[in-house]
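Notes follow the structure.
As structure tokens, then:
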């Protein structure tokens, strides 16, 4: 039940109405790994520069993340700088310094090739495709994507989607990818692109999941304050894939519970900047929040 | 378990991307009454003109709605003309001819004064207040309001809210009334205005309900096509109050089930123009849709 994630490990400088951080730990693979680590062993493939602090490596190790696939390259780590304002639904990117990430060409260590659960974080779709070429027997391939790739690498993305079981994206991305404003229509259109399941994250409105013959709805965890939304999507995906891996099945029941765990993890992530909230987060706290989510929709 | 509704009975001319109707049956009290009539006896207080067709009266009678409180006045019936475009979340009002509704001064027939469940549809807050003066022993007062009254009659509205148990409004109205962008904060602010419960309708994102010590989430019914959203809010309220009345209790369990019934009713309403879908709608169809809603959030 090993999980493989390929994505970015980055340093983020983020401003929100509630404060700011400079060059704090971030990146899609980082948020995913830490969230998934509560449920199953995680193997990480990413690249960092020589400036990447040992304390970050130590934190990922403390969560049991296998770092054999974390390549260290001469140069600087990928650095993203962004600002959230207003309802904080979307970040304004102030700077993207790809640095060593510009030449990222994911290579799976031999020991990673047999990973059961593969998560393709938000990297270029042709890189996602090449990761799948190296995975020998994935039981379940889950992927994310973003507006940039939908707009600039649609053909690559459509080719990759043919090999993806579950696409986990947000509502804006689902609309852009499908060309449909209605999210149910958008989800059905995406199912025709290859995935057998689509999970659409709607921020404070929760998440939905659709297959050819099922539909489910997960409530958001009600928060009066969001300190920093960075990483919420990857954290959701980490809780989601992590739970599915720990359940050892991707049937409808496991998926619905996985969505609750993803939601709970993401709700913790946004309570503080970077991965600060996760540093002291326990599985018991996660389980408690999942029980609260169940109670919000209970009619018994 | 009698229900009293005071609001408008109107003729609506509506255009949407899916078609149009001219001077079709509408009005907040109409949509509410028809929805609530599936659950409990409804008493209606409203005013119409001499042009109000007998077939509309016959339809309301066929649903068992008590029309002793439907005043007929020399002149024309309230006529609303509106258009929905794009995502159809909000109507553009093209014309509002108040006609006989301009002098609406709700008078409860003697037989209505002892109504157990009172719904104050979206009329001027001072009229809502005067309705409550005439109700001798309401067990539960539920109310709606709108941007117009929040902007132009806030003091009256705040006075009325002191006497309201449950406020049922949409997300935009909750934000405007409270001055809070976050819906959880907005809901808590509204609780401080008087109501012990607030229900916030979020269209395709479902509905939430909050009290001082409870929170619940109801999914929307997934629809690929909305023909005409007119009356969805009043239809939700009708299903909601109707179910609560039939349950004979407004405890948390009854309220959560009532939200499912309100949601199911509203989802039928928007499938066709005016009250056309409701004309052939059966209780069995409503119950079936409620079971589907339960299934969407089930994790068993």
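Protein chains in written order, with our numbering: chain A, -18 to 281; chain B, -18 to 281. Positions of the beta carbon are idealized from the N, C-alpha and C atoms, including for glycine. No experiment lies behind these values; they were computed from the predicted model shown.
Using a Cβ-Cβ distance cut-off of 8 angstroms, determine whether residue 242 (chain B) contacts chain A. The beta carbon of residue 242 (chain B) sits no closer than 8 angstroms to any beta carbon of chain A.
Is the beta carbon of residue 9 (chain B) closer than 8 angstroms to that of residue 103 (chain B)? Taking 8 angstroms as the cut-off, the beta carbon of residue 103 (chain B) is found closer than this to the beta carbon of residue 9 (chain B).
Around the C-beta of residue -2 (chain B), are 16 or more other C-beta atoms found within 10 angstroms, so that it is buried, or is it exposed? Residue environment analysis places residue -2 (chain B) among the exposed positions, since fewer than 16 neighbouring C-beta atoms fall within 10 angstroms of its C-beta.
Can you tell which of A:6, A:97, A:113 has its C-alpha closest to the C-alpha of residue 61 (chain A)? Ranking A:6, A:97, A:113 by CA distance to the CA of residue 61 (chain A) puts A:6 first.
Looking only at its own chain, which residues have a Cβ that is under 8 angstroms from the Cβ of residue 156 (chain A), when we skip the five neighbours before and after it? The beta carbon of residue 156 (chain A) sits closer than 8 angstroms to the beta carbons of 162, 164, 167 from its chain, once the five residues preceding and following it are set aside; these are given in chain order.
Rounding to the nearest angstrom, what Cα-Cα distance links residue 96 (chain A) and residue 235 (chain A) in this structure? Using only the alpha carbons, I get a separation of about 19 angstroms.
In the DSSP assignment, find the unbroken beta strand (DSSP E) run with residue 78 (chain A) in it and report its ends. First-last of the beta strand (DSSP E) with residue 78 (chain A): 72 to 78.
Verify the CB distance criterion: does residue 114 (chain A) have a CB-CB separation below 8 angstroms to chain B? Answer no: the Cβ-Cβ gap between residue 114 (chain A) and chain B never drops below 8 angstroms.
Classify residue 238 (chain B) as helix, strand or coil using the three-state DSSP reduction. Residue 238 (chain B): helix per DSSP, three-state reduction.
Identify every run of the alpha helix (DSSP H) within the segment 86 to 127 of chain B, keeping only runs that are complete inside it and at least 4 residues long; order them along the chain. Annotation note: the segment 86 to 127 of chain B contains the following uninterrupted alpha helix (DSSP H) runs of length 4 or greater, listed N- to C-terminal: 106 to 115.
So which of A:207, A:218, A:175, A:272 has the shortest CA-CA distance to residue 284 (chain A)? There is simply no residue 284 (chain A) to check, as chain A begins at -18 and stops at 281 in what is shown.
How long is the line joining the alpha carbons of residue 17 (chain B) and residue 239 (chain B), rounded to whole angstroms? Residue 17 (chain B) and residue 239 (chain B) have their C-alpha atoms some 11 angstroms from each other.
One or two residues paired with residue 252 (chain B) in a DSSP bridge: According to DSSP, which records beta bridges pairwise, residue 252 (chain B) is partnered with nothing at all.
Using 8 angstroms as the Cβ pair cut-off and three pairs as the minimum, do the segment 105 to 118 of chain A and the segment 81 to 94 of chain A touch? They touch, by the three-pair rule.
Whole-number beta carbon distance between residue 70 (chain B) and residue 214 (chain B), since they are thought to touch under 8 angstroms: Contact flag wrong, Cβ pair sits at about 12 angstroms.
Sheet register partners of residue 52 (chain A) (DSSP bridge): Answer by DSSP bridge pairing, in chain order: A:28.
Measuring CB to CB, does residue 247 (chain A) end up less than 8 angstroms from residue 211 (chain A)? Residue 211 (chain A) is positioned such that its CB atom lies no closer than 8 angstroms to that of residue 247 (chain A).
Just to make sure I have the definition right: I need the residues of chain A whose C-beta is within less than 7 angstroms of the C-beta of residue 163 (chain B). Which are they? 205, listed in chain order.
Option nearest residue 124 (chain B) by Cα separation, candidates B:73, B:181, B:40, B:256: Measuring C-alpha to C-alpha distances from residue 124 (chain B) to each of B:73, B:181, B:40, B:256 identifies B:181 as the nearest.
DSSP three-state label for residue 3 (chain B), please. Of the three classes helix, strand and coil, the one that applies to residue 3 (chain B) here is strand, per DSSP.
Could you round the C-beta distance between residue 251 (chain A) and residue 98 (chain A) to whole angstroms and report it? I think they count as a contact, below 8 angstroms. 24 angstroms between Cβ atoms; not a contact.
Residue 154 (chain A) burial status per 10 Å Cβ neighbour count (16 or more: buried): Classification of residue 154 (chain A): buried, given that the 10 Å Cβ count is 16 or more.
Beta-carbon spacing of residue 274 (chain A), residue 12 (chain A) below 8 angstroms: In this structure, residue 12 (chain A) does not lie closer than 8 angstroms to residue 274 (chain A) by Cβ.
Residue nearest to residue 110 (chain B) in terms of C-alpha spacing, selected from B:-10, B:186, B:134: Of B:-10, B:186, B:134, the residue nearest in Cα terms is B:134.
Return the chain-ordered list of same chain residues with a C-beta closer than 8 angstroms to the C-beta of residue 94 (chain A), the five sequence neighbours on each side being excluded. Cβ within range, chain order: 115, 116, 117.
Per DSSP, cross-strand counterpart(s) of residue -9 (chain A): Answer by DSSP bridge pairing, in chain order: A:7.
Measuring only between beta-carbons, confirm whether residue 182 (chain A) sits less than 8 angstroms from chain B. So no, residue 182 (chain A) is outside the interface.
For the candidate residues A:37, A:152, A:112, A:-6, whose alpha-carbon lies nearest to that of residue 78 (chain A)? When C-alpha distances from residue 78 (chain A) are compared across A:37, A:152, A:112, A:-6, the shortest belongs to A:-6.
Does residue 208 (chain B) come out as helix, strand or coil in the three-state DSSP assignment? In the structure shown, residue 208 (chain B) adopts coil according to DSSP, grouped into three states.
Cα separation between residue 59 (chain A) and residue 31 (chain A)? Looking at the two C-alpha atoms, the distance is approximately 11 angstroms.
Give me the Cα-Cα distance between residue 54 (chain B) and residue 43 (chain B), rounded to the nearest whole angstrom. Going by the C-alpha atoms only, they are around 23 angstroms apart.
At 8 angstroms on the CB atoms, spell out the chain B contacts of residue 186 (chain A), in chain order. Within 8 angstroms of the CB of residue 186 (chain A), the CB atoms of chain B belong to 183, 186, 187, in sequence order along the chain.
Span of the beta strand (DSSP E), counted from its first residue to its last, around residue 191 (chain A): Its beta strand (DSSP E) spans residues 188 to 192.
Exposed or buried, residue 281 (chain B), counting other C-beta atoms within 10 Å across all chains shown (16 or more means buried)? Residue 281 (chain B) should be labelled exposed.
For residue 91 (chain A) and residue 122 (chain A), I'd like the C-alpha separation in whole angstroms. Inter-residue distance for residue 91 (chain A) and residue 122 (chain A) is about 18 angstroms (C-alpha atoms, whole angstroms).
Taking only three categories from DSSP, how would you classify residue 65 (chain A)? DSSP places residue 65 (chain A) in the strand class (E or B) of the three-state scheme.
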